[in-house]
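Visitor: I'd like to ask you about the structure that follows.
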Amino acid sequence: MSFIPMFFALPLISAFLIPILGKIYKPLAWLVSTVVSLVLFILALYGIAVTQQLPMIVYKMGNWPPPLGIVMAFDSFSAFMVLIISIIVFTGSLFSFRYMSNYTGQWKFYTLFMLMTAGMMGICITGDLFNMFVFLEIAAISSYALVAFGVGAEELEASFKYIVMGEIGGLTFLLAIAFIYAKTSTLNLADISTSLQVIRHTTFFWMTLGMMLFAFSIKAALVPFHSWLPDAYPAAPAPISSLLAGICTKVFGIYTTARIVFNVFGLTRANEPMVFNILIGLGLLSIAFAGLTALNQNDYKRLLAYSSISQVGFIMLGFGIGNYYGVVGAILYILAHGLAKGLLFLTSGSVVHATGTRDLQKLAGLGERMPTTAWSFRIGALSVIGLPPLVGFFAKLLIIMGAIKAGFIWLAIIAIVLSVLSLAYLLRIENSVFMKKGKIDAKKAPFTMRIAMVFLVVLIVLLGIGFQPIIDFIVGPAAHALLRGLEYSHLVFGSFTTNF
Amino acid sequence: MKGMSLIVKTITNIVIGFIFIYGVYIILHGHLTPGGGFAGGVIIAGAFILRFLAFGKGAKSEKKSSTTASIFESIGGLLFVGIAISGLLLAGTFFLNFLPKGEPFYLLSAGIIPLCNIAISIKVGAGLFSIFLALAAMKYVMED
Chain A
1 MSFIPMFFAL PLISAFLIPI LGKIYKPLAW LVSTVVSLVL FILALYGIAV TQQLPMIVYK
61 MGNWPPPLGI VMAFDSFSAF MVLIISIIVF TGSLFSFRYM SNYTGQWKFY TLFMLMTAGM
121 MGICITGDLF NMFVFLEIAA ISSYALVAFG VGAEELEASF KYIVMGEIGG LTFLLAIAFI
181 YAKTSTLNLA DISTSLQVIR HTTFFWMTLG MMLFAFSIKA ALVPFHSWLP DAYPAAPAPI
241 SSLLAGICTK VFGIYTTARI VFNVFGLTRA NEPMVFNILI GLGLLSIAFA GLTALNQNDY
301 KRLLAYSSIS QVGFIMLGFG IGNYYGVVGA ILYILAHGLA KGLLFLTSGS VVHATGTRDL
361 QKLAGLGERM PTTAWSFRIG ALSVIGLPPL VGFFAKLLII MGAIKAGFIW LAIIAIVLSV
421 LSLAYLLRIE NSVFMKKGKI DAKKAPFTMR IAMVFLVVLI VLLGIGFQPI IDFIVGPAAH
481 ALLRGLEYSH LVFGSFTTNF
Chain B
501 MKGMSLIVKT ITNIVIGFIF IYGVYIILHG HLTPGGGFAG GVIIAGAFIL RFLAFGKGAK
561 SEKKSSTTAS IFESIGGLLF VGIAISGLLL AGTFFLNFLP KGEPFYLLSA GIIPLCNIAI
621 SIKVGAGLFS IFLALAAMKY VMED
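If you read the protein sequences in the order shown, they are chains A and B.
With the numbering used here, letter number 457 in the first sequence gets 457, and the count goes up by one each step, no holes.
To convert, take the position in the second sequence, counting from 1, and add 500; that gives the numbering used here.
Laid out in structure tokens, this is it:
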């Protein structure tokens with residue numbers, strides 16, 4: 001029996017089971033979502049193990065051969081993305097147990113949570129362009145609802161803004177799909193990539209690529225298109241902010257961009273430097289603009305949201321550099337930032353749960369009262385800043401090495417200088433929330449919350465210390481899967497099309 | 501008097517059965533004629549909505565209907581994924597059409613497709629009806 005359809009079938013089944021079970025006995029909803037995400041985590045580890053031997057596993061839905069039917073194309077990059085999604089979903093679900101106890105209609109929360117998981121998993125393993133759009137919309141629509149989950153004025157406004165911006169992106173993507181289907185008569189990613197080689201460098205080629213990059217830039221919240229994000233992240237419940245910041249923008253924006261640019265359109269730095277320069281430009285703009293804006297924020301979660309935009313800029317920078325080191329650095333950065341920012345948003349949830357406010361002016365003295373939260377924040381922040389034994393350092397190092405190898409010394413220098421910004425804004429939280437003496441009333445975080453945070457802290461430290469095996473077995477193969485370029489389509493149609 | 505006038509109520513009582521049967525027809529013939537699970541589900545939801553509009557109900561029964569609708573919606577979704585999974589369990593491939601295909605243009609043909617249509621119709625019908633109920637419930641929220 002194959003494990004690949006399980007990645008989206010399991011969360012879908014649980015999403016439909018939760019409304020029934022949650023009405024019978026409330027905690028069952030939480031139990032189902034946590035157990036399912038744990039199973040997904042184990043499956044993702046198995047997927048990593050399998051992709052060590054096979055470069056590509058093609059799963060034919062309903063046994064229809066590609067390009068007639070929908071295929072799931074599972075390679076090292078998909079395996080990597082699935083692993084990071086399952087980690088953040090697991091910790092988010094664990095964290096929700098106590099955090100969501102203040103809200104009503106909890107089963108709705110877990111249903112949407114699982115639907116969003118199914119959508120994100122689907123985006124990462126599908127080998128079909130329209131299927132990718134459908135999964136993108138499943139995940140995006142559940143995230144709109146989750147952002148508005150508190151149904152206060154602030155939440156509804158943020159969600160409305162997010163819907164408008166997100167749908168502009170989603171519909172542009174749909175229009176690009178329609179153009180591609182009209183021209184190539186196929187929706188299979190591998191088949192599209194062979195067809196596009198015939199019309200390479202025509203106006204049509206650049207137009208569809210431009211539309212897709214526009215759509216994914218909105219979804220990834222790169223700077224000129226970021227306006228929805230600083231409202232949406234603070235408004236969402238903390239586990240959802242952690243999910244949105246940790247992986248959503250990466251799956252919706254970064255994964256799709258990388259897959260389309262490298263494997264479907266088959267672009268390389270050597271042949272089409274212009275596209276990669278645009279990615280570098282967007283990345284630098286995001287790092288600088290969002291980093292500077294974050295310095296002026298007085299809201300715990302809003303500051304982290306701006307920090308998120310700025311960090312996504314680094315990932316884009318890595319892909320824009322486009323050589324092996326740049327891409328490995330960018331992929332490791334997805335992992336590092338997913339874990340660290342996921343953790344930081346969980347600490348914000350823990351602080352809000354204990355004190356009921358996220359205003360940096362009012363919060364003080366939590367370093368002594370909530371030691372686990374404080375230390376989790378410190379480790380996560382150090383990883384974002386890029387301090388050596390933690391995993392964030394190696395990601396930044398690889399991107400900067402990539403820039404130097406590609407001959408962009410100035411880019412390396414700018415990246416180093418701009419990464420100081422992250423130190424500046426994260427120290428503001430450390431200073432006013434955890435270091436400053438104050439008399440705000442707060443209890444320690446509940447047990448399940450602390451477990452979720454400690455789990456991520458352990459991962460950040462362990463992955464940092466053992467970064468060499470991570471590069472060798474997980475991130476390196478993922479980068480190779482991207483840099484294979486057009487070989488992707490040969491692999492999909494090639495020798496591994498038997499059902500695994 | 502609750503709901504609409506006597507004329508509307510009488511007409512509703514007469515046509516509602518026909519609308520329902522027509523919806524079922526669209527669903528069951530989904531693999532033979534235009535239409536299918538989605539269209540049929542919308543028509544069935546239309547029958548429920550018509551009844552609701554004509555007779556009008558209080559907040560209490562609205563809440564009860566919405567609970568039932570959401571349970572049915574989940575059942576529809578579960579059925580659909582269940583059909584896909586049973587392809588995996590019984591024949592080894594997710595979404596495999598593992599039932600005998602039968603002869604084209606007969607009612608009992610096309611393997612799992614009619615079953616999928618039924619599952620989709622339950623999901624869509626219940627989903628659309630609960631959207632209607634949610635919009636109707638806005639009235640009570642506003643009044644509060």
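A virtual CB, placed ideally from N, CA and C, is assigned to each residue, including glycine.
Could you please give me the residues that DSSP links to residue 128 of chain A through a beta bridge?
Guide: Along the first sequence, one-based indexing puts residue 128 of chain A at 128. Partner(s): A:188.
Visitor: How long is the line joining the alpha carbons of residue 77 of chain A and residue 479 of chain A, rounded to whole angstroms?
Guide: Looking up residue 77 of chain A in the first sequence gives position 77. Looking up residue 479 of chain A in the first sequence gives position 479. The alpha-carbon atoms of residue 77 of chain A and residue 479 of chain A are separated by roughly 7 Å.
Visitor: For the candidate residues A:101, A:23, A:96 and A:193, whose alpha-carbon lies nearest to that of residue 488 of chain A?
Guide: One-based indexing of the first sequence puts residue 488 of chain A at position 488. Among A:101, A:23, A:96 and A:193, the Cα nearest to that of residue 488 of chain A is on A:193.
Visitor: Taking DSSP as the reference, what is the three-state secondary structure of residue 506 of chain B?
Guide: Along the second sequence, one-based indexing puts residue 506 of chain B at 6. Helix.
Visitor: Could you pull out every residue in the same chain whose Cβ sits closer than 6 Å to the Cβ of residue 497 of chain A, ignoring the five residues on either side in sequence?
Guide: The sequence position of residue 497 of chain A within the first sequence is 497, counting from 1. Confidence is the limiting factor: at residue 497 of chain A the pLDDT is only 48, short of 50, which leaves the residue's position unreliable, though a coordinate-based value still follows. Contacts found: 58.
Visitor: From A:428, A:245 and A:331, pick the residue whose C-alpha is nearest to that of residue 471 of chain A; which is it?
Guide: The residue you call residue 471 of chain A lines up with position 471 of the first sequence. For residue 471 of chain A, the nearest C-alpha among the options comes from A:331.
Visitor: Exposed or buried, residue 410 of chain A, counting other C-beta atoms within 10 Å across all chains shown (16 or more means buried)?
Guide: If you number the first sequence from 1, residue 410 of chain A lands on position 410. Exposed.
Visitor: When you compare only the Cα positions, how much space is there between residue 320 of chain A and residue 47 of chain A?
Guide: Translated into the one-based positions of the first sequence, residue 320 of chain A becomes position 320. Translated into the one-based positions of the first sequence, residue 47 of chain A becomes position 47. Approximately 28 Å, taken between the alpha carbons.
Visitor: Give a yes or no on whether 8 Å exceeds the smallest Cβ distance from residue 632 of chain B to chain A.
Guide: The sequence position of residue 632 of chain B within the second sequence is 132, counting from 1. Residue 632 of chain B does not count as touching chain A.
Visitor: May I have the straight-line CA-CA distance separating residue 462 of chain A from residue 119 of chain A, to the nearest angstrom?
Guide: In the first sequence, counting from the first residue as 1, residue 462 of chain A sits at position 462. In the first sequence, counting from the first residue as 1, residue 119 of chain A sits at position 119. Computed Cα separation, rounded: 29 Å.
Visitor: Mapping DSSP to helix, strand and coil, what is residue 472 of chain A?
Guide: Position 472 of the first sequence, counted from the start, is the residue given in the question as residue 472 of chain A. Reduced to three states, the DSSP call for residue 472 of chain A is helix.
Visitor: Less than 8 Å between the beta carbons of residue 316 of chain A and residue 279 of chain A, yes or no?
Guide: Working through the first sequence from its first residue, we reach residue 316 of chain A at position 316. Working through the first sequence from its first residue, we reach residue 279 of chain A at position 279. Yes.
Visitor: Could you check the C-alpha separation between residue 517 of chain A and residue 322 of chain A for me, to the nearest Å?
Guide: Only positions 1 to 500 of chain A appear in the structure, and residue 517 of chain A is not among them; the question remains open.
Visitor: Please report the distance separating the alpha-carbon of residue 499 of chain A from that of residue 286 of chain A.
Guide: Within the first sequence, numbered from 1, the residue matching residue 499 of chain A stands at position 499. Within the first sequence, numbered from 1, the residue matching residue 286 of chain A stands at position 286. Caution applies to residue 499 of chain A, whose pLDDT of 48 falls short of 50 and renders its modelled position unreliable; the value that the coordinates give is listed next. For residue 499 of chain A and residue 286 of chain A, the distance between alpha carbons rounds to 42 Å.
Visitor: By the 10 Å Cβ neighbour count, where 16 or more other Cβ atoms means buried, how is residue 200 of chain A classified, buried or exposed?
Guide: Numbered from 1 along the first sequence, position 200 holds the residue referred to as residue 200 of chain A. That one is exposed.
Visitor: Between the C-alpha atoms of residue 43 of chain A and residue 82 of chain A, what's the straight-line distance to the nearest angstrom?
Guide: By one-based count along the first sequence, residue 43 of chain A stands at place 43. By one-based count along the first sequence, residue 82 of chain A stands at place 82. Their Cα atoms are separated by approximately 9 Å.
Visitor: State yes or no: is the beta carbon of residue 12 of chain A nearer than 8 Å to at least one beta carbon in chain B?
Guide: Along the first sequence, read from residue 1 onward, the residue named residue 12 of chain A stands at position 12. Answer yes: the Cβ-Cβ gap between residue 12 of chain A and chain B drops below 8 Å somewhere.
Visitor: So which of B:512, B:634 and B:636 has the shortest CA-CA distance to residue 555 of chain B?
Guide: Residue mapping note: residue 555 of chain B aligns to position 55 of the second sequence, counting from 1. With distances taken between Cα atoms, residue 555 of chain B lies closest to B:512.
Visitor: So the candidates are A:428, A:391 and A:405; which of them puts its Cα closest to the Cα of residue 456 of chain A?
Guide: Within the first sequence, numbered from 1, the residue matching residue 456 of chain A stands at position 456. Nearest option by C-alpha distance: A:391.
Visitor: Spell out whether any CB of chain B is found under 8 Å from the CB atom of residue 61 of chain A.
Guide: The residue given as residue 61 of chain A occupies position 61 in the first sequence. Yes, because at least one Cβ of chain B sits closer than 8 Å to the Cβ of residue 61 of chain A.
Visitor: Chain A beta carbons: is any one of them nearer than 8 Å to that of residue 512 of chain B?
Guide: Here the question's residue 512 of chain B lines up with position 12 in the second sequence. Judged by the 8 Å Cβ criterion, residue 512 of chain B is not in contact with chain A.
Visitor: Give a yes or no on whether 8 Å exceeds the smallest Cβ distance from residue 9 of chain A to chain B.
Guide: Position 9 of the first sequence, counted from the start, is the residue given in the question as residue 9 of chain A. For residue 9 of chain A, the answer is yes, since a Cβ of chain B falls inside 8 Å of its Cβ.
Visitor: Go to residue 447 of chain A, then tell me how far its beta strand (DSSP E) extends in each direction, as first and last residue.
Guide: The residue given as residue 447 of chain A occupies position 447 in the first sequence. Unbroken run through residue 447 of chain A is the alpha helix (DSSP H), 447 to 465; no beta strand (DSSP E).
Visitor: By alpha-carbon positions, which one of A:235, A:395, A:459 and A:231 ends up nearest to residue 343 of chain A?
Guide: Stepping through the first sequence from its first residue, residue 343 of chain A is reached at position 343. Among A:235, A:395, A:459 and A:231, the Cα nearest to that of residue 343 of chain A is on A:459.
Visitor: Cβ closer than 7 Å: which chain B residues qualify as neighbours of residue 5 of chain A?
Guide: Within the first sequence, numbered from 1, the residue matching residue 5 of chain A stands at position 5. Simply 588 and 594.
Visitor: For residue 543 of chain B, list the residues DSSP reports as bridge partners.
Guide: Residue mapping note: residue 543 of chain B aligns to position 43 of the second sequence, counting from 1. Bridge partners of residue 543 of chain B: none, in fact.
Visitor: What separation, rounded to the nearest whole angstrom, lies between the Cα atoms of residue 251 of chain A and residue 123 of chain A?
Guide: The count along the first sequence starts at 1 and reaches residue 251 of chain A at position 251. The count along the first sequence starts at 1 and reaches residue 123 of chain A at position 123. Looking at the two C-alpha atoms, the distance is approximately 7 Å.
Visitor: With a CB to CB cut of under 7 Å and the five nearest residues on each side skipped, what residues in its chain are close to residue 546 of chain B?
Guide: Position 46 of the second sequence, counted from the start, is the residue given in the question as residue 546 of chain B. Excluding sequence neighbours, residue 546 of chain B sits near 519.
Visitor: Quick one: list the residues of chain B neighbouring residue 446 of chain A, beta-carbon separation under 7 Å, in chain order.
Guide: Position 446 of the first sequence holds residue 446 of chain A. Neighbours of residue 446 of chain A on chain B: none; closest Cβ ~30 Å, over 7 Å.
Visitor: Which residues does DSSP list as the beta-bridge partners of residue 72 of chain A?
Guide: In the first sequence, residue 72 of chain A corresponds to position 72, counting from 1. Answer is A:59 and A:126.
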